[in-house]
Amino acid sequence: MTGIRYITNDKGQKTDLIISLEEHGRIVEDLLDALLVEERKSEDTISFDEFVNQLKAEGKLDE
Numbered sequence: 070m071t072g073i074r075y076i077t078n079d080k081g082q083k084t085d086l087i088i089s090l091e092e093h094g095r096i097v098e099d100l101l102d103a104l105l106v107e108e109r110k111s112e113d114t115i116s117f118d119e120f121v122n123q124l125k126a127e128g129k130l131d132e
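In the working numbering, the protein residues as written are 70 to 132.
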C-alpha cells in the first residue's frame with residue numbers, strides 16, 4: 070500500500086506503522102465522510118429534480 074510502511078522486529082512481526090502525511094490526510098477525510106454519512110442517515114431526502122429546482126430558485130444554478 071502506497072504511503073504506508075511497516076516496521077518489523079527481528080522475528081518479522083509488525084511492531085510499528087509509518088503513514089505518509091498524504092495518506093494520513095486521505096484516511097482522515099474518508100473517516101470524516103463516513104461520520105457525516107452516518108449522521109445524515111435519518112435526514113429527509115428529496116429527488117434530484119427537486120434539488121436542482123431549489124438551487125435554481127436560490128440563484129445558485131443557471132437555468
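Even glycine gets a Cβ: it sits at the ideal position worked out from N, Cα and C.
Distance from the CA atom of E119 to the CA atom of E132, rounded to whole angstroms, is 14 Å.
Ranked by Cα distance from I87, the first of G72, I115, E107 is G72. DSSP places D102 within a helical segment (H, G or I) once states are collapsed to three. Per the DSSP secondary-structure output, R74 pairs in a beta bridge with I87. Secondary structure note for L124: its alpha helix (DSSP H) is the uninterrupted segment 117-126.
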